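Heads up: the structure comes next, in C-alpha cells.
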Amino acid sequence: MNLRANLWLKTAYARAWVRTMSMYGEPLWVVVTVGFPLFSMMGMSLLYSSAGATARIGFAILGGIMLSFWGNVLWSMASQFNWDKQAGLFEIYITSPAPISAILVGMSLGGILGTAPSAVMVAVVGWLVFHPPINPAWPTAIATFVITLASLYALGMTLSSLYLVYGREAESFNEALQEPVQLLSGVYFPVYSPVIPLAVQAVASVIPLTIGMDALRRTLFLNNPADVNLVYTELLVLGIMAAILLVVSSKSLKALEERGRRVGSIAVRMR
Amino acid sequence: MSTTLRALAAAIWAGWYRDFGWINPLAGLFLRTIPPIASVLALVLIYGVAKPSASLDPNFGSQIAFLLVGGALYAHIAAYSWVATLAVAEGKWTYVFQSVYISPKSATPYLAGRTIASFITSATTSIIALTVGFFVAGALFPANQIPFNITFVTVPLFVLALVVNIFASMGLGFLLGAYSIYSTKFEWALPTYISGVLMIFSEALFPTSILPAPLRDFANILPFTNFIRASRQALLPPPLYGSISLYLSDLGLCFLGGIVFLAVGLGAFRLAENHGRRKGVLDRKAV
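Sequences listed follow chains A and B, in order. Going by our numbering, the first residue of the first sequence is number 16, and it counts up by one from there. Going by our numbering, the first residue of the second sequence is number 245, and it counts up by one from there.
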C-alpha cells in the first residue's frame, strides 16, 4: 500500500475512532441523541393508532430510526467543521498532512457507529410498545439501508463544506432545514402518495432520504413482488446521488478552503 | 419606569437582538416560520395518508382542524419554554450570563424578558403556521371542509389563552434554567425532550384518552394540555367545540397549573442560583 493511501486510511480510521469513542465513552450521549427520534416515533405511532391505521405504525418506527441518522448528519456532520473552526481544530486539520476527504469519511463512519445505539433503542422500544406488522425482504432491506446511509452522509459532507463559510448562522440554518427535510422526505409517511401533488414529489426526490425511505418502506413492510424493479431503480439512483454528492463535497471543500485562505477567513472564529 | 421593568424591557430587546441581529429581521422571521409550518403540514399529511377514504369521512375536516391547532401550539410552547435554559447555557459561553450579575438587577427579570421575547416570536410564527396549514390542508383535501371559527370574539379569546399559558411555560423555563446553572454539557438536548413530552402528553396530536391510565391522568393535569384545549374551544366551532363554559374551565385550569409551575420554577431557580453562587458554578463551562 502506498504512503498516500496509507495516510488516507489512517486519517479516516483516526477520525472514526475519535467520533465513535466520544459517543461510547459518554453513555449520556445515547440519552441525549435518542430523545427527539424516540418521542417523535411514539407521537407519530400514537397518531397513526388514533387514526385507526395500526398497519402503518411501522412507518412511524422506521421514521424514528432514520431520524436518528438525519439528526446526526445535520448536527454532527454538516455543522461539525464550523464547530471545529470555533474550537481551533480546523486549523490543525489544514496544517496537517491529513486529507480532508478522509476526515469527512471517518467522521461519517464514526457518526453511523455512534448513532446506532439510539437507532436500535428507537427500534426496540417501538417494536415492544406497538408490535408493528412487518413483512421484510431482509437482504434487500439491509442493502437499501446501507446505500441510504451512504447517500445521506454524502449529503452531510457536502453541507459541511458549505457551512464552513458560515459562522453562527449555521445553527439557524440547521434548525430551519431539519423540519422541512423531514416533511419533504416523508420520514413518517409515504411521499409518493396520491394525496401529495406531483410537483412536490418531484422536488422531494432530490433529497436522498426521500428515495431511501420509500425503498425501505417497500422492502420492510410492503414487500410486493411487483415493486422489485422499482426498489432496484431507487437503489441505483441513491448510489448515483451518493457518488455525485461525494464529488461535489470534495470540490466545494477545496474551493472554499482556497477562498478562506485568500480572504483570511479560514481561522476566523466567532462572527 | 422601575428598574425591574427597564431590566425586563432590555432583556426582551436582547432576546430579539440575539435571534434576529445576525440577519435581516424579516428573513430571520421567515427562517423561524419554516419549521412550524413544516411540522404542521407533516401532521396533516400523516393523517391524510393514514385515512385513505378521507373524502367519505364526515369528521375528517374536524380531525384536521384538531391537529392543526394542537400541532401549531405544542411547537409554540416547546419553542419558547426552553429559552431560559438557552439563556443560561449559551450565556455562560458568551459571558452574557455572568454580566447579568454585575448589572443592577438579578437573573430573574433577564430570563423572564428573554422568555417573553421568544413568546412573541413563536406566537407569531405559530399563528402563521396555523394559517398556512389551514389553507394547504384545504387545498389537499378539497372534499372536506376544515371548520374554524374566526370572529372578533374568538380571536381575542385565543390570544388570552396564549397569554395565560405564559405562566406555565415561564415556570417550566425557570425550572430548566435551574438545571442549566449546574449542567455543563448536554443541556442543549433539553428542548427535544420538552417537545417530545408535549407532543405526547399535551393532547396536541391525539386525545389523552388513548394513553394508559396513569399517563392519561398526568396529561390531563398539565397546564399545557388545558391551554391547547382552551384554544380549540376558542378557535373551532360547535357542536364539537366552541363552548364558552368549557373554554373558561380549561383556561382556569391552565392558569392555576401555570401559577403552580411558576412558583415551583422560581423557587427552584432561586435555590439553584444561591447555591451556585456559594459553589462558584455560575460561570462554570466544562466539568
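Just so it is clear, CB atoms sit at the ideal spot from N, CA and C, and this is done for glycine as well. All values derive from a computational prediction rather than experimental measurement.
| Asked | Found |
| --- | --- |
| Can you list the alpha helix (DSSP H) stretches of 4 or more residues lying completely in the segment 63 to 118 of chain A, in chain order? | 72 to 87, 95 to 102 and 104 to 110 |
| Under a three-way DSSP split, which group does serine 123/A fall into? | helix |
| Taking only the alpha-carbon atoms, compute the straight-line gap between proline 386/B and glycine 335/B and give it to the nearest angstrom. | 48 Å |
| Helix, strand or coil, according to DSSP, for asparagine 238/A in the structure here? | coil |
| Please identify the residue among Leu406/B, Pro280/B and Thr359/B whose C-alpha is closest to the C-alpha of cysteine 498/B. | Leu406/B |
| How many Å lie between asparagine 239/A and arginine 233/A at the Cα? | 7 Å |
| So, at 8 Å on beta carbons, what are the nonlocal neighbours of leucine 271/A in its own chain, with the 5 sequence-adjacent residues on each side left out? | Ser176, Leu177, Leu179 and Val180 |
| How about the segment 270 to 282 of chain B and the segment 335 to 349 of chain B: do they share at least three Cβ pairs that are nearer than 8 Å? | no |
| Tell me the rounded alpha-carbon separation between leucine 124/A and valine 399/B. | 51 Å |
| Against chain B, does phenylalanine 204/A count as a neighbour if the rule is that its beta carbon must be under 8 Å from one of theirs? | yes |
| Rounded to whole angstroms, what's the CA-CA distance from proline 223/A to leucine 170/A? Just pull it up for me. | 8 Å |
| Go ahead and pull the three-state DSSP assignment for valine 246/A. | helix |
| Taking Cβ to Cβ, would you say phenylalanine 145/A is nearer than 8 Å to isoleucine 72/A? | yes |
| Please report how far the alpha carbon of valine 196/A lies from the alpha carbon of threonine 365/B, in whole angstroms. | 22 Å |
| Buried or exposed: which applies to tryptophan 23/A, given that a residue is buried once 16 or more other Cβ atoms fall within 10 Å of its Cβ? | buried |
| Are the C-beta atoms of serine 283/B and some chain A residue less than 8 Å apart? | yes |
| Nearest to lysine 349/B by alpha carbon, out of Ile267/B, Ala255/B, Arg476/B and Pro482/B? | Ala255/B |
| Give me the Cα-Cα distance between glycine 254/A and phenylalanine 84/A, rounded to the nearest whole angstrom. | 18 Å |
| Residues of the segment 283 to 311 of chain B in Cβ contact with chain A at a cutoff of 9 Å, in chain order, please. | Ser283, Leu285, Ala286, Leu287, Leu289, Ile290, Tyr291, Gly292, Val293, Ala294, Lys295, Pro296, Ala298, Gln307 and Leu311 |
| Could you check whether alanine 185/A and asparagine 87/A sit closer than 8 Å to each other, using their CB atoms as the reference points? | no |
| When you compare the CB of alanine 156/A with every CB in chain B, is at least one pair closer than 8 Å? | no |
| Got a sec: is the Cβ-Cβ distance from glutamine 216/A to anything in chain B below 8 Å? | no |
| Quick check on alanine 31/A: buried or exposed, where buried means 16 or more other Cβ atoms within 10 Å of its Cβ? | buried |
| Within 8 Å of any Cβ in chain A, is that where the Cβ of threonine 436/B sits? | yes |
| Let me know the secondary structure DSSP gives isoleucine 211/A once reduced to three states. | coil |
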